[in-house]
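Note sheet for the following structure.
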Amino acid sequence: MSPLADGDVAAELARTPGWKRSGQAIERTYRFEDFKEAMIFVNRVAWLAERAGHHPDVTIHYNEVTLSVWTHSEGGVTQKDFSLARSIDRP
């Protein structure tokens, strides 16, 4: 799977609300009521990532979680990243 061209990344971001381009990745920050809720979310993301075989970088600051997703083996953003982002955002 090859990295998407900049125009394709922009089009996919338009279809993926809340996510933005950050260097060679796409990124989103989530805010929760407290640390416990943030960790419940992180554990859900871990389960989805394992199932997809695709793992985001995760930064946790008390009740704030930032996910950064990119396809390391391809050196950029691929369709796989958007698939994972959308599955994370699915209720």
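In the numbering used here, the protein residues as written are 1 to 91.
For glycine and all other residues, C-beta sits at the position ideal for the given N, C-alpha and C.
Quick caveat, the model's predicted, so the values are computed rather than measured.
*Can you tell which of Leu-48, Ala-14, Val-69 and Thr-59 has the C-alpha that lies nearest to the C-alpha of Arg-31?*
By 1-based counting over the sequence shown, the position of residue 31 is 31. If you compare the alpha carbons of Leu-48, Ala-14, Val-69 and Thr-59 with that of Arg-31, the shortest gap goes to Thr-59.
*With distances taken from CA atoms, which of Glu-33, His-55 and Asn-63 is nearest Val-69?*
As a first step, residue 69 is located in the sequence shown; it is residue number 69 there, counting from the start. Of the listed residues, the one whose Cα sits closest to Val-69 is His-55.
*When you compare only the Cα positions, how much space is there between Pro-17 and Asp-81?*
Here the question's residue 17 lines up with position 17 in the sequence shown. Here the question's residue 81 lines up with position 81 in the sequence shown. Answer to the nearest angstrom: the Cα atoms are 14 Å apart.
*Grouping DSSP H, G and I as helix and E and B as strand, with all else coil, what is Ser-2?*
Locating residue 2 in the sequence shown gives position 2, counting from the first residue. Here Ser-2 sits in coil by DSSP.
*Going by DSSP, what residues sit across from Thr-66 in a beta bridge?*
Here residue 66 is taken as the residue at index 66 of the sequence shown, counted from 1. According to DSSP, which records beta bridges pairwise, Thr-66 is partnered with Thr-29 and Thr-59.
_Coarse secondary structure for Gly-75, derived from DSSP in three states_ = Residue 75 sits at position 75 when you count from the first residue of the sequence shown. If DSSP states are grouped into helix, strand and coil, Gly-75 belongs with coil.
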